[in-house]
DNA sequence: TCTGGGGTCCTAGGACCC
DNA sequence: TCTGGGGTCCTAGGACCC
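This is the structure we're talking about:
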């Protein structure tokens, strides 16, 4: 029985590369992409040119912080339409090599290489990934980092191990050695919070996690996450490569430039968001059963309220009535910095 | 002093039914 | 008047991902 072979491919500094192709004059300059491109407003950095990176600007910091660190940087809004176009071309190239391509955001994807007549698909995966990489370079002018492994978890960790323009492959027999000394936080699904809790239990490396009894992990993290941690620590990941899936929910939220204390502004904003998300619902020929609103106060305390309608609908009237009822059930003891609306239970 | 936006999945607890 | 146990559905919140 041959094993699986999964490729993970990720474009290097995707947003920055696309911007530089559209505006060649940016070459060699410090620039930052994020939100609507106004560093005076609230918003996060999505991408940074190498020149701005050298000044300490990082993805995930606020635009204001970025401006402080690098006053001469140019700021641009994220031009999602252009990124989506480039992403489509990228995904089309991957689709030439396998029917099983799962996009993961705009700039990365998993590709499962199918076994030919029961043969081990691993060698084929190696040559396919090389070919993808050079076609992406030749046809799109973008570099990519590629990882190959027996499953999605290992493939993704491989592509992250060598960047940019990297290539790294691990066969099943090498997995344990590869994982052993890595910190638990490098496993997919172990974020800052979980890494900290594991640290408190004396578990710092992947090898230590693998030695921890499943029952101990289940007690501390619940049955599903506990078992998942154990499997991932041993390099086991059975999750399939899923080519396309309908979204389960649609979400719109907005942070005010200035915290809002006036209930009328909240209502007005929620109405606009509800209209927007309902339009997207209709465009995808879906109906939604449940509405959720989110309110974040100026002290960052965040609450959600959800309610279901009689039956799934795409009627703005019904959805807005539900949204409004949820809003009216919320106490507003202090100014609000963010409101959002989610539609779920899509059919 | 500051902390976006769009998603997914999991957990815990309560309601409800048999 | 008291009240088990299993299953399912719903809601609220949190962790994680890009």
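In this note's numbering, the protein residues as written are 552 to 898.
The C-beta atom is built at its ideal place from N, Cα and C for all residues, glycine as well.
Computed from a predicted model, the values in this text were never measured in an experiment.
Identify, in the order they occur along the chain, each residue of the same chain with its Cβ nearer than 7 Å to the Cβ of residue i, setting aside the five sequence neighbours on each side.
{"i": "residue 569", "result": "633, 634, 637"}
{"i": "residue 727", "result": "786"}
{"i": "residue 772", "result": "780"}
{"i": "residue 874", "result": "821, 825, 842, 844, 892"}
{"i": "residue 648", "result": "662, 679, 683"}
{"i": "residue 572", "result": "692"}
{"i": "residue 833", "result": "865"}
{"i": "residue 871", "result": "822, 825"}
Determine the extent of the beta strand (DSSP E) in which residue i is found, giving its start and end residues.
{"i": "residue 897", "result": "Per DSSP, residue 897 belongs to no beta strand (DSSP E) and is neither H nor E."}
{"i": "residue 860", "result": "853-864"}
{"i": "residue 848", "result": "839-848"}
{"i": "residue 562", "result": "556-562"}
{"i": "residue 652", "result": "652-654"}
To the nearest whole angstrom, what separates the beta carbons of residue i and residue j, a pair I think is in contact under 8 Å?
{"i": "residue 885", "j": "residue 701", "result": "In fact, because the Cβ distance is near 52 Å, the residues do not count as touching under 8 Å."}
{"i": "residue 592", "j": "residue 614", "result": "7 Å"}
{"i": "residue 860", "j": "residue 840", "result": "6 Å"}
{"i": "residue 631", "j": "residue 582", "result": "Between residue 582 and residue 631 the Cβ distance is about 17 Å, and since that is not below 8 Å, they are no contact."}
{"i": "residue 707", "j": "residue 790", "result": "Residue 707 to residue 790, Cβ: 11 Å. No contact."}
{"i": "residue 887", "j": "residue 846", "result": "6 Å"}
{"i": "residue 584", "j": "residue 565", "result": "Actually they are not in contact, since the Cβ atoms of residue 584 and residue 565 sit about 10 Å apart, beyond 8 Å."}
{"i": "residue 677", "j": "residue 794", "result": "At roughly 22 Å, the Cβ-Cβ gap does not stay under 8 Å, so residue 677 and residue 794 are not in contact."}
{"i": "residue 837", "j": "residue 865", "result": "7 Å"}
{"i": "residue 942", "j": "residue 810", "result": "This structure cannot speak to residue 942, because the chain is shown only from 552 to 898."}
{"i": "residue 897", "j": "residue 800", "result": "7 Å"}
{"i": "residue 756", "j": "residue 788", "result": "Not really, about 19 Å apart at Cβ, beyond 8 Å."}
{"i": "residue 720", "j": "residue 698", "result": "7 Å"}
{"i": "residue 590", "j": "residue 618", "result": "4 Å"}
{"i": "residue 762", "j": "residue 769", "result": "With 8 Å as the limit, residue 762 and residue 769 do not qualify as a contact, their Cβ atoms being about 15 Å apart."}
{"i": "residue 784", "j": "residue 760", "result": "4 Å"}
{"i": "residue 710", "j": "residue 559", "result": "5 Å"}
Look up residue i in the DSSP assignment and say whether it is helix, strand or coil.
{"i": "residue 750", "result": "helix"}
{"i": "residue 793", "result": "coil"}
{"i": "residue 876", "result": "helix"}
{"i": "residue 768", "result": "helix"}
{"i": "residue 734", "result": "strand"}
{"i": "residue 870", "result": "helix"}
{"i": "residue 883", "result": "coil"}
{"i": "residue 888", "result": "strand"}
{"i": "residue 741", "result": "coil"}
{"i": "residue 640", "result": "helix"}
How far does the alpha helix (DSSP H) with residue i in it extend, from its first residue to its last?
{"i": "residue 584", "result": "Looking at the DSSP string, residue 584 is not in any alpha helix (DSSP H); the run it does join, the beta strand (DSSP E), is 582-584."}
{"i": "residue 572", "result": "565-573"}
{"i": "residue 787", "result": "Per DSSP, residue 787 belongs to no alpha helix (DSSP H) and is neither H nor E."}
{"i": "residue 760", "result": "757-762"}
With a CB to CB cut of under 6 Å and the five nearest residues on each side skipped, what residues in its chain are close to residue i?
{"i": "residue 562", "result": "658, 693, 695"}
{"i": "residue 802", "result": "893"}
{"i": "residue 741", "result": "735"}
{"i": "residue 672", "result": "556, 664, 666"}
{"i": "residue 831", "result": "801"}
{"i": "residue 753", "result": "none"}
{"i": "residue 620", "result": "606, 607, 608"}
Suppose the cutoff is 8 Å on Cβ atoms and the five residues either side in sequence are ignored; what does the same chain contact list for residue i look like?
{"i": "residue 640", "result": "690, 691"}
{"i": "residue 881", "result": "844, 846, 854, 856"}
{"i": "residue 587", "result": "594, 628"}
Is residue i close to the ligand COA? I mean its beta-carbon at under 7 Å from any heavy atom of the ligand.
{"i": "residue 719", "result": "Absence of the ligand COA from the depicted structure is noted, as is the absence of any ligand whatsoever, leaving it without description."}
3-residue-minimum beta strand (DSSP E) runs that sit fully inside the segment 582-633, ordered along the chain: 582-584, 625-627
Report the residue ranges of all beta strand (DSSP E) runs contained in full by the segment 664-730; include only those spanning at least 3 residues, in chain order. 695-700, 718-720
Note down, one range per segment and in chain order, each beta strand (DSSP E) of at least 3 residues found wholly within the segment 792-836. 800-811
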